[in-house]
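Count along the sequence shown from 1, add 40, and you get the number used in my numbering.
Glycine included, every Cβ here is placed at the ideal spot set by N, Cα and C.
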Amino acid sequence: MEEVLIVGAGFAGATTARCLADAGHPVRVIDRRPHLAGNAFDLPDAAGVLIHQYGPHIFHTNSEKVFTWLSRFTAWRDYEHRVLAQVDGQLLPIPINRTTINRLYGLDLDEAGVTAFLEKVREPREPLKTSEDVVLNSVGRDLCDKFFRGYTRKQWGLDLSELSAGVAARIPTRSNDDDRYFTDRFQAMPQDGYTRMFERMLDHPRIRVELGIDFEALRDTAPRRFTVYTGPIDAYFGHRFGPLPYRSLRFEHEHLPATAQVQTVGTVNFPNQHAYTRITEFKHLTGQAHPGTSVVREYPCADGDPYYPIPRPDNEALFKRYEALAEVEPDVHFIGRLAQYRYYNMDQVVAAALSLAERLAGLYPAPSAP
Ligand code: FAD
Numbered sequence: 041m042e043e044v045l046i047v048g049a050g051f052a053g054a055t056t057a058r059c060l061a062d063a064g065h066p067v068r069v070i071d072r073r074p075h076l077a078g079n080a081f082d083l084p085d086a087a088g089v090l091i092h093q094y095g096p097h098i099f100h101t102n103s104e105k106v107f108t109w110l111s112r113f114t115a116w117r118d119y120e121h122r123v124l125a126q127v128d129g130q131l132l133p134i135p136i137n138r139t140t141i142n143r144l145y146g147l148d149l150d151e152a153g154v155t156a157f158l159e160k161v162r163e164p165r166e167p168l169k170t171s172e173d174v175v176l177n178s179v180g181r182d183l184c185d186k187f188f189r190g191y192t193r194k195q196w197g198l199d200l201s202e203l204s205a206g207v208a209a210r211i212p213t214r215s216n217d218d219d220r221y222f223t224d225r226f227q228a229m230p231q232d233g234y235t236r237m238f239e240r241m242l243d244h245p246r247i248r249v250e251l252g253i254d255f256e257a258l259r260d261t262a263p264r265r266f267t268v269y270t271g272p273i274d275a276y277f278g279h280r281f282g283p284l285p286y287r288s289l290r291f292e293h294e295h296l297p298a299t300a301q302v303q304t305v306g307t308v309n310f311p312n313q314h315a316y317t318r319i320t321e322f323k324h325l326t327g328q329a330h331p332g333t334s335v336v337r338e339y340p341c342a343d344g345d346p347y348y349p350i351p352r353p354d355n356e357a358l359f360k361r362y363e364a365l366a367e368v369e370p371d372v373h374f375i376g377r378l379a380q381y382r383y384y385n386m387d388q389v390v391a392a393a394l395s396l397a398e399r400l401a402g403l404y405p406a407p408s409a410p
């Protein structure tokens with residue numbers, strides 16, 4: 041009986057694999073890395089603190105469907121992420137809120153006062169084409185330069201004015217005191233970590249998993265009914281139109297023994313100092329009790345693993361050329377952040393994979409009854 045081949049054991053691959061197996065398909069999942077969970081992979085470090093190897097992953101969603109589906113494989117720990125930014129010698133809430141404005145400028149504004157303040161300092165722009173347009177239009181030049189310009193330059197290696205509007209449109213500004221980084225309905229971390237959740241997702245009699253195997257090693261030989269590909273779309277097509285540009289990150293992990301806590305919130309951003317963008321302390325995210333603590337610093341860089349698609353119109357146009365090839369590739373289905381060249385949050389990838397699996401179940405009847 042021919043298997044479905046799934047390339048990649050991250051959220052896209054594992055969700056599709058489990059749905060297809062539940063529907064009666066035998067499934068083979070491969071990943072070139074030696075572990076499950078893709079970029080959400082977590083593990084205890086040498087001191088026993090649970091860390092996220094590829095940077096902090098905070099789960100949040102407004103989709104009840106996604107949250108309920110994942111809840112089959114994990115219990116949750118409630119967690120609302122909070123971030124402070126080091127600006128002008130102070131640690132201030134980001135997204136910018138009433139506290140940020142009052143403490144930065146030594147004011148005592150109420151909500152209406154903050155709204156009026158922002159109205160006074162903003163630089164109205166029309167149309168909003170770049171991220172600089174979006175930020176200036178909403179908070180004006182001083183807040184833009186203090187909180188966003190330096191961070192963006194480090195993160196993307198580009199000025200705000202060189203980035204599509206969509207990047208900055210993700211960041212809200214608040215006139216109230218809400219200092220949560222996300223406002224989604226469901227905000228929680230998998231109780232036993234992401235990797236454990238993936239182990240349960242892929243623990244199914246119709247799923248076999250092989251790690252440390254690259255698709256290229258078996259693309260011409262593996263018998264399969266159809267393929268779900270979650271790797272980079274340009275690599276699948278031999279980079280024939282040239283590589284899709286990505287921004288990468290170098291992660292510097294550190295364990296601090298006999299230190300219960302080093303910062304008051306999960307993440308501190310450094311928009312204007314250091315080569316790294318932010319420091320995350322994992323125990324805030326996981327709630328783990330441990331006499332020491334572990335942190336990660338993120339250094340953005342041009343070369344390395346592909347992490348963030350660079351959102352510029354020319355890159356989107358290049359992706360569209362690959363997408364046109366993907367649409368006519370017989371019996372191969374492309375999904376996930378690398379195959380769709382999109383910055384997707386985890387919940388968006390799960391939602392897309394659940395929809396794809398439903399579509400595939402209609403296209404390819406299962407060989408055995410579930
Ligand atoms: P991946 O997790 O990248 O999985 C793809 C898998 O395919 C990888 O394991 C890879 O090894 C494998 N693969 C690729 N090519 C091949 C090949 N040729 N052969 C075999 N295997 C292959 N999202 C949130 O919701 N909240 C967050 O807080 C958050 N933080 C993030 C922080 C960072 C630093 C980054 C980079 C991303 C963050 N994300 C976050 C996004 C999140 O990582 C993605 O949404 C999620 O990982 C996407 O899952 P995926 O399966 O599409 O991709």
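Residues bridged to THR101 by DSSP? Bridge partners of THR101: PHE226.
Do HIS324 and PHE226 have their beta-carbon atoms positioned less than 8 Å apart in this structure? In this structure, the beta-carbon distance from PHE226 to HIS324 does not fall below 8 Å.
What are the boundary residues of the alpha helix (DSSP H) that ALA393 is part of? Judged by DSSP secondary structure, ALA393 falls within the alpha helix (DSSP H) whose first and last residues are 386-403.
Minimum C-alpha distance to ILE70 - residue among LEU242, THR317, THR170 and LYS105: Among LEU242, THR317, THR170 and LYS105, the Cα nearest to that of ILE70 belongs to LEU242.
Beta-carbon spacing of PHE51, ALA80 below 8 Å: Between PHE51 and ALA80, the gap from beta carbon to beta carbon is short of 8 Å.
Between which two residues does the alpha helix (DSSP H) holding ILE273 run? Where ILE273 is concerned, the enclosing alpha helix (DSSP H) stretches over 273-276.
Can you give me the C-alpha to C-alpha distance between THR140 and LEU289, rounded to a whole angstrom? So the two alpha carbons sit approximately 28 Å from each other.
N- and C-terminal bounds of the alpha helix (DSSP H) containing VAL302: Unbroken run through VAL302: none, as it is neither H nor E.
Straight-line CA distance for PHE310 to HIS244? Approximately 44 Å between the Cα atoms of the pair.
Is it buried or exposed, GLN313, if we count other Cβ atoms within 10 angstroms and call 16 or more buried? The residue is exposed, with fewer than 16 neighbouring Cβ atoms inside 10 Å.
Count the other CB atoms within 10 Å of the CB of VAL368; is the residue buried (16 or more) or exposed (fewer)? Exposed, because fewer than 16 other Cβ atoms sit within 10 Å of the Cβ of VAL368.
What whole-angstrom Cβ distance do GLN328 and VAL89 have, given they're in contact under 8 Å? Beta-carbon to beta-carbon, GLN328 and VAL89 are separated by about 6 Å, close enough to satisfy the 8 Å threshold.
In the structure shown, what three-state DSSP assignment does TYR269 receive? It is a strand residue.
Under the rule that 16 or more other beta-carbon atoms within 10 Å means buried, what is GLU398, buried or exposed? With a 10 Å radius around the Cβ and a threshold of 16 neighbouring Cβ atoms, GLU398 comes out exposed.
Range covered by the beta strand (DSSP E) that runs through PRO353: It is not in any beta strand (DSSP E) - PRO353 instead sits in the alpha helix (DSSP H) that spans 353-367.
Cβ pair ASP85, SER334 closer than 8 Å: Closer than 8 Å, so yes.
What three-state label does DSSP hand PHE374 in the structure shown? PHE374: strand per DSSP, three-state reduction.
Rounded Cβ spacing between TYR221 and HIS293 (contact assumed at less than 8 Å): 21 Å between Cβ atoms; not a contact.
Taking only three categories from DSSP, how would you classify ILE141? Looking at ILE141 - three-state DSSP - the assignment turns out to be helix.
Inter-residue spacing [alpha-carbon to alpha-carbon] between GLU321 and ASP274: Rounded to whole angstroms, GLU321 and ASP274 show a C-alpha spacing of 35 Å.
With a CB to CB cut of under 6 Å and the five nearest residues on each side skipped, what residues in its chain are close to ARG240? Around ARG240: PHE113.
What I want to know is whether the C-beta of ARG72 ends up closer than 7 Å to one or more non-hydrogen atoms of ligand 1. Yes, ligand 1 has a heavy atom inside 7 Å of this Cβ.
Supposed contact pair TYR286 and PRO351 - C-beta distance, whole angstroms, cut 8 Å: Rounded, the Cβ-Cβ distance is 11 Å, inconsistent with contact.
Helix, strand or coil, according to DSSP, for PRO89 in the structure here? Note on residue identity: the sequence assigns Val, not Pro, to residue 89. It is coil, neither helix nor strand.
When you measure from the CB of VAL305 to every non-hydrogen atom of ligand 1, does any distance come out below 7 Å? No.
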